[in-house]
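**Student:** Structure in structure tokens, see below.
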Amino acid sequence: MKKATVVLVVLALVCCLVLVSCGAKKTVTLKLSEVHVDGYPTTMADKEFARLVEERTDGRVKIEVYSNGTLYGEETGAIEAMQIGDCAFARVSASPVASYVPALNVIQLPYLYNSTDHMWAVLNGEIGQGMLDAVEESGSGLIGLCWYDSGSRSFYTTKAVHQASDLKGLKIRMQNNEMMCEIVRLCGGTPITGIGPNDIYSAVQQGVIDGAENNWPTYYSKGDYEVATYYCLDAHTRVPEILLGSVAALKNAGVSESDIAIIKACAKETQEYEIAAWKAMEKEAEAGVRGNGNTVYEPSLAELKTFQDAVAPIYAKYGAGYEDIIAQIKATKY
Ligand code: BDP
């Protein structure tokens, strides 16, 4: 063969190899379920997570965010789908996850933290990482990726509530979590579960429930403030949000261990992003609710104590076996 022919053949072979390797570059597209609307802090963070993962894996892993509960309107549905590998990621409240990983109840006990800073000192420390690890080690098929802020939860109702006993006779929608339901029972109300966050509005309208409980941004963004106009700032608990991954879905999609490590690092990076968005939205939502003329009630210290005293027995029931962690949380400096 002439030298020129040899060069041409080699060039052709190199081109073929490049083309084959490009074609073989495996790109997987994975789903992320989110119950909140676009523009809500957690949805913004989900999208930032997707952006970072695509960038850091050089496009090997793409994540599509399905917001506003379009994939699963109930977080329990998203969790169960992840367990069988039907969904790769979901941003959910820690509350429903605790039904699968009971240790998570400890970090959302009523009146546990003194402030947001206190909660973040715990979540960003050994206890928070320990809880994320516990999710993966629990055999639940879930991976705990990172935490997001969700403020504190307070009751909103169709009648005025100023102290715990005012919940007597009221049907209150609660998340799918026994400990959360117990909070309402201990105050004399009736917890109602099985209603997704997008269905609270109509459930109130139809008189199926007399109210629910949540933070300013959810109360506002879901429109519930229009039908349950009394908001009592009892702040009975802080429940962090958690970004979850599915062991089965990542395995089925063939995502490598090294890409899983990248995914975990990207998730952690979005925490601060969400916290900043959270602070802004909390103010915006509060202004929106107050601007609508809702009755926002700030309980006196004595009234607040009626809630704290009513729910105190929860510590013995749900804190049993975790006394050391609870003491550590209470002693955490912030
Ligand atoms: C909101 C959480 C969301 C929960 C919702 C609820 O952000 O993940 O689904 O509460 O009460 O604060 O179901």
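Numbering (this note's numbering), first residue to last: -12 to 321. Beta carbons: idealized from backbone N, C-alpha and C, even for Gly.
Give me the DSSP bridge partner(s) of Tyr309.
**Tutor:** Answer is none; Tyr309 lacks a bridge partner.
**Student:** Leu220 by DSSP, collapsed to three states: which one?
**Tutor:** Correct three-state label for Leu220: strand.
**Student:** Using CA atoms only, rank isn't needed, just tell me which of Ala68, Thr57, Asp25 is closest to Glu234.
**Tutor:** Note that residue 234 is Val in the sequence shown, not Glu. The residue with the shortest Cα to Cα distance from Val234 is Ala68.
**Student:** Just the C-alpha distance for Cys9 and Ile247, rounded to the nearest angstrom, thanks.
**Tutor:** Summary for Cys9: the model assigns pLDDT 47, below 50, so the residue's position carries little reliability, and this model does not support an answer.
**Student:** For Ser166, collect the residues of the same chain with a Cβ closer than 6 Å to its Cβ; drop the 5 residues on either side in sequence, then sort them by chain order.
**Tutor:** Contrary to the premise, residue 166 reads as Met rather than Ser in this sequence. Here the set comprises Asn92, Tyr305.
**Student:** My assumption, with CB atoms under 8 Å, is that Val88 sits in contact with Val122. Please give the rounded CB distance.
**Tutor:** Yes, they are in contact, since the Cβ atoms of Val88 and Val122 sit about 5 Å apart, within 8 Å.
**Student:** When you compare the CB positions of Ala37 and Val22, do they come within less than 8 Å of one another, or not?
**Tutor:** Going by C-beta atoms, Ala37 is not nearer than 8 Å to Val22.
**Student:** Counting only runs that start and end within the region 88 to 152, where is the beta strand (DSSP E) found for 3 or more residues in a row?
**Tutor:** Counting whole runs of 3 or more residues, the region 88 to 152 contains the beta strand (DSSP E) stretches 129 to 135, 140 to 144.
**Student:** CB-CB under 7 Å to Cys219, same chain, minus the five flanking residues each way: which ones, in chain order?
**Tutor:** Taken in chain order, the residues that qualify are Ser141, Phe142, Val148, His149, Tyr284, Pro286.
**Student:** Are the CB atoms of Pro28 and Pro184 within a distance shorter than 8 Å?
**Tutor:** Result no, Cβ atoms of Pro184 and Pro28 do not sit closer than 8 Å.
**Student:** Identify the residues that DSSP records as bridge partners of Thr282: which are they?
**Tutor:** Per DSSP, Tyr217.
**Student:** What residue from Glu290, Trp107, Tyr59, Gln192 has the CA that sits closest to Val226's CA?
**Tutor:** When only C-alpha atoms are compared, the closest one is Trp107.
**Student:** What runs of the beta strand (DSSP E), each 3 residues or longer, lie entirely inside the region 194 to 260?
**Tutor:** Entirely contained in the region 194 to 260, the beta strand (DSSP E) runs reaching 3 residues are, in chain order, 198 to 201, 217 to 224, 228 to 233.
**Student:** Is the beta carbon of Cys133 less than 8 Å from the beta carbon of Thr257?
**Tutor:** Closer than 8 Å, so yes.
**Student:** Of the choices Lys255, Ala254, Gly176, Ile182, whose alpha-carbon is the least far from that of Asp153?
**Tutor:** Of Lys255, Ala254, Gly176, Ile182, the residue nearest in Cα terms is Gly176.
**Student:** The alpha helix (DSSP H) that contains Ser86, what's its start and end?
**Tutor:** Counting along the chain, Ser86 falls outside any alpha helix (DSSP H), and DSSP gives it neither H nor E.
**Student:** How big is the Cα-Cα spacing for Glu62 and Leu39?
**Tutor:** For Glu62 and Leu39, the distance between alpha carbons rounds to 24 Å.
**Student:** CB of Pro184 to nearest heavy atom of ligand 1: below 7 Å?
**Tutor:** Pro184 Cβ: within cutoff of ligand 1.
**Student:** Would you be able to state if there are at least three C-beta pairs under 8 Å between the region 154 to 162 and the region 193 to 201?
**Tutor:** Segments in contact, yes.
**Student:** Check whether the Cβ of Val234 lies closer than 7 Å to any heavy atom of ligand 1, and answer yes or no.
**Tutor:** Val234: no, Cβ never under 7 Å from ligand 1.
**Student:** Beta-carbon within less than 7 Å of Gly72's beta-carbon, same chain only, minus the 5 sequence neighbours each way: which residues are those?
**Tutor:** Within the same chain, Gly72 has close Cβ partners Ser233, Ala235, Ala236, Asn239.
**Student:** Can you give the beta carbon distance from Asp136 to Ile316, rounded, assuming they're within the 8 Å contact cut?
**Tutor:** About 17 Å; that fails the 8 Å criterion.
**Student:** Checking 8 Å against the spacing of the C-beta atoms, do Gln70 and Leu129 come in under that value?
**Tutor:** For Gln70 and Leu129, yes; Cβs fall inside 8 Å.
**Student:** According to DSSP, is Met31 helix, strand or coil?
**Tutor:** It is helical.
**Student:** Straight-line CA distance for Pro83 to Leu288?
**Tutor:** Roughly 30 Å between the two C-alpha positions.
**Student:** How about Val48 and Leu231: are their beta carbons less than 8 Å apart?
**Tutor:** Not a contact, by the Cβ cut-off of 8 Å.
**Student:** Here's a check: name, in chain order, each residue in its chain whose Cβ is nearer than 6 Å to the Cβ of Glu290, leaving out the five neighbours to either side.
**Tutor:** Excluding sequence neighbours, Glu290 sits near His149, Gln150.
**Student:** I'd like to confirm the pairing. Which residues does DSSP put opposite Arg78 in its beta bridges?
**Tutor:** In the DSSP output, where bridge partners are listed per residue, Arg78 has Glu21, Leu230.
**Student:** Flag Thr57 as yes when its Cβ comes closer than 7 Å to any non-hydrogen atom of ligand 1, and as no otherwise.
**Tutor:** Not so, every heavy atom of ligand 1 lies at least 7 Å from the Cβ.
**Student:** Only counting the same chain, and skipping five residues up and downstream in sequence, which positions put a Cβ closer than 6 Å to that of Asp25?
**Tutor:** Within the same chain, Asp25 has close Cβ partners Ser54.
**Student:** Measuring alpha carbon to alpha carbon, tell me which residue in Tyr260, Ile114, Thr145 is nearest Glu35.
**Tutor:** Comparing Cα-Cα distances from Glu35 to each of Tyr260, Ile114, Thr145, the minimum goes to Tyr260.
**Student:** Would you tell me roughly how many angstroms separate the C-alpha atoms of Asn101 and Lys209, rounded to the nearest one?
**Tutor:** Cα-Cα distance, rounded: 27 Å.
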